[in-house]
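S.K.:
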Amino acid sequence: MSEPSGPGLVVDTVGATATVTISNPAKRNAMTVAMWRELPGLLGGLAADPAVRVLVLTGAGGTFCAGADICDLRDPASGSGAAQGAAVEAEEALAAFPKPTLAAIRGFCVGGGCQLAAACDLRFAAEGARFGVTPARLGIVYPASSTRRLMGLVGPSAAKHLLFSAELIGHERALRTGLVDEVLAEDELDKRVEEFAGVLASRSLLTQAAAKEFAAPELDPARVGHWARQADGSDETAEGVTAFLERREPRFTWTVGR
Numbered sequence: 030m031s032e033p034s035g036p037g038l039v040v041d042t043v044g045a046t047a048t049v050t051i052s053n054p055a056k057r058n059a060m061t062v063a064m065w066r067e068l069p070g071l072l073g074g075l076a077a078d079p080a081v082r083v084l085v086l087t088g089a090g091g092t093f094c095a096g097a098d099i100c101d102l103r104d105p106a107s108g109s110g111a112a113q114g115a116a117v118e119a120e121e122a123l124a125a126f127p128k129p130t131l132a133a134i135r136g137f138c139v140g141g142g143c144q145l146a147a148a149c150d151l152r153f154a155a156e157g158a159r160f161g162v163t164p165a166r167l168g169i170v171y172p173a174s175s176t177r178r179l180m181g182l183v184g185p186s187a188a189k190h191l192l193f194s195a196e197l198i199g200h201e202r203a204l205r206t207g208l209v210d211e212v213l214a215e216d217e218l219d220k221r222v223e224e225f226a227g228v229l230a231s232r233s234l235l236t237q238a239a240a241k242e243f244a245a246p247e248l249d250p251a252r253v254g255h256w257a258r259q260a261d262g263s264d265e266t267a268e269g270v271t272a273f274l275e276r277r278e279p280r281f282t283w284t285v286g287r
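With the working numbering as the guide, the letters of the sequence shown map in order to residues 30 to 287.
1. In three-state terms, what does DSSP make of residue 193?
2. In terms of residues, what are the limits of the alpha helix (DSSP H) holding residue 71?
3. Helix, strand or coil for residue 227, going by three-state DSSP, please let me know.
4. Curious, which full-length alpha helix (DSSP H) runs of at least 4 residues does the region 120-208 contain?
5. Going by DSSP, what residues sit across from residue 211 in a beta bridge?
6. My guess is that residue 75 and residue 222 are in contact by the Cβ rule of under 8 angstroms, so how many angstroms apart are they, rounded?
7. For the 8 angstroms Cβ check, are there 3 or more pairs between the region 133-145 and the region 75-92?
8. Measure the Cβ-Cβ separation of residue 96 and residue 163 and say whether it is below 8 angstroms.
9. Along the chain, where does the alpha helix (DSSP H) containing residue 239 start, and where does it finish?
10. Return the first residue and the last residue of the beta strand (DSSP E) that residue 43 is part of.
11. Once the 5 residues before and after residue 206 are set aside, which same chain residues still bring their CB inside 6 angstroms of it?
12. For the beta strand (DSSP E) containing residue 83, list its first residue and its last residue.
13. Determine the direct distance from the alpha carbon of residue 268 to that of residue 69, and round the result to whole angstroms.
14. Can you check which of these residues, 171, 229 and 247, is closest to residue 278 by C-alpha distance?
15. Throw me the rounded Cβ distance for the residue 155 and residue 134 pair, which I believe falls under 8 angstroms.
16. I need the straight-line Cα distance from residue 253 to residue 240, nearest angstrom please.
17. Quick one: give me the first and last residue of the beta strand (DSSP E) that residue 47 is part of.
18. Let's see if you can read the secondary structure: which residues bound the alpha helix (DSSP H) around residue 282?
19. Leaving out the 5 sequence neighbours to the left and right, which residues in its chain are closer than 8 angstroms to residue 46 when beta-carbon positions are compared?
20. Are residue 40 and residue 49 touching if we call contact CB-CB under 8 angstroms?
21. How would you label residue 266, buried or exposed, when you count the other beta carbons within 10 angstroms and need 16 or more for buried?
22. Would you please state the rounded distance, in angstroms, between the beta carbons of residue 158 and residue 200? I believe it to be under 8 angstroms.
23. Taking residue 196 as the reference, give the member of 167, 210, 170 and 160 with the closest Cα.
24. At the level of alpha carbons, what is the spacing between residue 137 and residue 98?
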């Protein structure tokens, strides 16, 4: 994995897991407009790579992401409207990624960082992580899609608490409200993420991809038929049943784009 010379996104693939690291340590991994704009294309390449079955999103060093780079909001060429538009496009690309996504969170997960984490399928956090949705500190209207995604995770009341107050909450409250799925000791997070990513990679991507669409707030009825045809045309069920009867691990081969 090569570190960028400046703020950027770093991709490292080990086995079937691709890890995307948000890297802007001088600003607690704040996302610049360029980084927001880079993410959708990067995700498109990973989605098309049949060797990649799981995506992990994390931050360099001891911080996940402190949000959008405030300097971009003052730049006339990339004001708040452009920055928010790029952030929403990146968030939607992450939410639409057709393979399982897992955010591994340390330190601050604030503003745009929380926006990205919420767009992942699952979130594992280290003890001491801090979370916040902070547009009310800056007088920014949080995007409708981001607001509804947050509400779907934590419920209307908890979402309003975060959005109205812009206060940071600790890992205990984040776990209790459903903002995170697991909390690990600092020195156990990487091992747990690696092990769980391995579990996800060993399962049927056909099952996962279909479930991901079915769980979305809006479902195109035509997609139900699409997934039925994918199941009928694949060997996933036959392989799963045979592996179970033979008491071995299944070797699922279906991948995105078939």
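Every residue, glycine too, gets a C-beta built ideally from N, C-alpha and C.
M.R.: According to the structure shown:
1. helix
2. 62-77
3. helix
4. Counting whole runs of 4 or more residues, the region 120-208 contains the alpha helix (DSSP H) stretches 141-148, 173-183, 185-194 and 200-206.
5. 153
6. Between residue 222 and residue 75 the Cβ distance is about 17 angstroms, and since that is not below 8 angstroms, they are no contact.
7. yes
8. Yes, the pair counts as a contact, with Cβ atoms nearer than the cut-off.
9. In the DSSP assignment, residue 239 falls within the unbroken alpha helix (DSSP H) covering 234-243.
10. Unbroken beta strand (DSSP E) run through residue 43: 37-43.
11. Once the five neighbours on either side are set aside, the close Cβ partners of residue 206 are 183 and 187.
12. 83-88
13. 33 angstroms
14. 229
15. 7 angstroms
16. 10 angstroms
17. 46-52
18. That residue, residue 282, is in no alpha helix (DSSP H); it is neither H nor E in DSSP.
19. Within the same chain, residue 46 has close Cβ partners 81, 82, 83, 84, 85, 223, 226, 227 and 230.
20. Cβ distance < 8 angstroms, so residue 40 and residue 49 count as in contact.
21. exposed
22. 5 angstroms
23. 160
24. Spanning the alpha carbons of residue 137 and residue 98 requires a straight line of approximately 14 angstroms.
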